[in-house]
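As structure tokens, the structure follows; a few thoughts come after it.
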Amino acid sequence: MCEQNEKKKVLSCIQPSGMLTLGNYLGALKNWVYMQNEFDCTFAVADLHAITVRQEPSKLRSQIYSTYALMLALGLDPNKSTLFIQSQVPEHSALSWILSCNTQFGEMARMTQFKDKSAKHADNINVGLFSYPVLMAADILLYKPDFVPVGADQKQHLEIARDIAERFNRIYGDVFTVPEAYIPKTGARVMSLQDPEKKMSKSDENANSWVAILDDRDTVIRKFKRAVTDSGSGIYLSDDKKGISNLMTIYGAVTGKSYDEITKEFEGKGYGDFKLAVGETVADELAPIKANYDKIISDKAELERLFREGAEKAEKVARKTYFKAMKKVGFLL
Ligand code: ATP
Ligand code: LTN
Numbered sequence: 012m013c014e015q016n017e018k019k020k021v022l023s024c025i026q027p028s029g030m031l032t033l034g035n036y037l038g039a040l041k042n043w044v045y046m047q048n049e050f051d052c053t054f055a056v057a058d059l060h061a062i063t064v065r066q067e068p069s070k071l072r073s074q075i076y077s078t079y080a081l082m083l084a085l086g087l088d089p090n091k092s093t094l095f096i097q098s099q100v101p102e103h104s105a106l107s108w109i110l111s112c113n114t115q116f117g118e119m120a121r122m123t124q125f126k127d128k129s130a131k132h133a134d135n136i137n138v139g140l141f142s143y144p145v146l147m148a149a150d151i152l153l154y155k156p157d158f159v160p161v162g163a164d165q166k167q168h169l170e171i172a173r174d175i176a177e178r179f180n181r182i183y184g185d186v187f188t189v190p191e192a193y194i195p196k197t198g199a200r201v202m203s204l205q206d207p208e209k210k211m212s213k214s215d216e217n218a219n220s221w222v223a224i225l226d227d228r229d230t231v232i233r234k235f236k237r238a239v240t241d242s243g244s245g246i247y248l249s250d251d252k253k254g255i256s257n258l259m260t261i262y263g264a265v266t267g268k269s270y271d272e273i274t275k276e277f278e279g280k281g282y283g284d285f286k287l288a289v290g291e292t293v294a295d296e297l298a299p300i301k302a303n304y305d306k307i308i309s310d311k312a313e314l315e316r317l318f319r320e321g322a323e324k325a326e327k328v329a330r331k332t333y334f335k336a337m338k339k340v341g342f343l344l
């Protein structure tokens, strides 16, 4: 048949839970853009996942719009890939229920993200937060992807999705494809600019610790100038130079240069020069994305047309898998 059908399938999602950061960009989104030419891709805004922590409805609404607009601004193309909003395809919640009844309490209780997030949100340890990986498994399994690109922190959730798929297929017969994780080597983990022991996270209270994809040029450069480094000198990768190593990772992920090349390029230069160079390089990379974003977000009608069309396209695929799963467990169609 046509070439499109021979491409391997890819699926991933991102939560609309705040300002997306350089970590989200280098660890996840930038790779999505590369992947869309080689694979048959489906990407979604995981808004159902976002309400596992308390969200203010009006803020959530605008973050869903802005996350979808940002996906377009980065270069994801609705003519090449399926781009949609998770809650607009009800099969995600529906399959999640069937899968929940085939997932053990003990499997969920082991998840490190649940342990971390329930410690962080001790006043709202809801059942959704606990069963979040089952919903993620439903997101994935509905589209039968071969690969799921995620940051290293999502590996455990992906393994559970594979376990759930294998078990379901064993008990009820073949329905799901068992997917592989696709974890990028470079830029897989971007650390905080203020504490290079911690991952860069949009929920960090110290705004100097993260760079938002939509930060303006001056802000990006200022945050890099203030980045925490050790008191030594020399630009090379080392365990006692976690701050410099993180800046090298960022610089390498943006420019494609290796660590050795970066060390050579900055031979004889001080930390100040290096921080400025990284700041300017990142600012140059982000500027066109922000310009695209500003245009896209100002046309709400077009944005709505695109995400509705994306949801219709996604649902056609999702419904088939969901109906198959329904039949297998004994439900009537
Ligand atoms: P939070 O800061 O609220 O914990 P988050 O920034 O980790 O959220 P997610 O929506 O959970 O964001 O992650 C979206 C994607 O970005 C995931 O694939 C995740 O692995 C990746 N990612 C997030 N932070 C980083 C980081 N610092 N470095 C590399 N990848 C990251
Ligand atoms: N849990 C992920 C987001 C996410 C996802 C998915 C990623 C939801 N559903 C399906 C890959 C596949 C996160 O928080 N980064």
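Here our numbering is used: the first residue of the sequence shown is 12, the next is one more, and so on.
We treat Cβ as the ideally placed atom computed from N, Cα and C, and that holds for glycine.
Model, not experiment: these values are computed from the prediction.
Next on the checklist: Using the Cβ count rule (16 or more neighbours within 10 Å means buried), how would you classify Thr123?
Outcome noted: Exposed is the call here.
Item to check | Supposed close pair Lys20, Pro156 - CB separation, criterion 8 angstroms | outcome: About 4 angstroms separates the two Cβ atoms, so the contact holds.
Checklist entry - How should Arg65 be labelled, buried or exposed, when 16 other C-beta atoms within 10 angstroms of its C-beta is the threshold for buried? => result It is exposed - the Cβ of Arg65 has fewer than 16 other Cβ atoms within 10 Å.
Checklist entry - By Cβ distance, which residues of its chain are closer than 7 angstroms to Glu102, with the 5 residues on each side in sequence left out? => result Within its own chain, the residues whose Cβ lies closer than 7 angstroms to the Cβ of Glu102, once the five positions on either side in sequence are excluded, are Leu153, Glu326, Ala329, Arg330 and Tyr333, listed in chain order.
Checklist entry - Within 10 angstroms of its Cβ, does Gln26 collect 16 or more other Cβ (buried), or is it exposed? => result Counting Cβ neighbours within 10 Å, Gln26 comes out buried, since at least 16 surround it.
Checklist entry - So what's Asp51 in DSSP terms, helix, strand or just coil? => result Asp51 falls in the strand class under three-state DSSP.
Checklist entry - Taking contact to mean at least 3 C-beta pairs separated by less than 8 angstroms, is the region 127-139 in contact with the region 53-72? => result Result yes; three or more Cβ-Cβ pairs closer than 8 angstroms.
Checklist entry - Hey, is Ser212 close to ligand 1, as in C-beta under 8 angstroms from one of its heavy atoms? => result It does: the Cβ of Ser212 is within 8 angstroms (strictly closer) of some heavy atom of ligand 1.
Item to check | Rounded separation between Gly267 and Ala80 - CA only | outcome: In a straight line, the C-alpha of Gly267 is about 26 angstroms away from that of Ala80.
Checklist entry - Which residue's Cα is closest to the Cα of Leu314: Gly38, Leu94 and Tyr45? => result The residue among Gly38, Leu94 and Tyr45 with its C-alpha nearest the C-alpha of Leu314 is Leu94.
Next on the checklist: Only counting the same chain, and skipping five residues up and downstream in sequence, which positions put a Cβ closer than 6 angstroms to that of Phe342?
Outcome noted: Answer for Phe342: no residue qualifies.
Checklist entry - How many Å lie between Met12 and Asp51 at the Cα? => result Because the pLDDT at Met12 is just 45, under 50, the model does not fix this residue reliably, and the point stays unresolved.
Checklist entry - Going by the CB atoms, is the gap between Pro190 and Leu317 shorter than 9 angstroms? => result Not in contact: Leu317 and Pro190 (Cβ atoms no closer than 9 angstroms).
Checklist entry - For the candidate residues Ala148, Val340 and Tyr262, whose alpha-carbon lies nearest to that of Lys286? => result The residue with the shortest Cα to Cα distance from Lys286 is Tyr262.
Checklist entry - Counting pairs of Cβ atoms below 8 angstroms between the region 68-84 and the region 271-290, do you hit three or more? => result Between the region 68-84 and the region 271-290, the count of C-beta pairs closer than 8 angstroms stays below three; the two stretches do not touch.
Checklist entry - Grouping DSSP H, G and I as helix and E and B as strand, with all else coil, what is Leu153? => result Three-state result, Leu153: coil.
Next on the checklist: Give me, in chain order, the residues of the same chain whose beta-carbon lies closer than 6 angstroms to that of Gln205; leave out the 5 immediate sequence neighbours on both sides.
Outcome noted: Within the same chain, Gln205 has close Cβ partners Asn217, Asn219, Ser220 and Val239.
Checklist entry - Mind pulling the alpha helix (DSSP H) runs of 4 or more residues that sit fully within the region 69-120? => result Taking 4 residues as the shortest admissible run, the region 69-120 contains the following complete alpha helix (DSSP H) segments, listed from N- to C-terminal end: 102-111 and 116-120.
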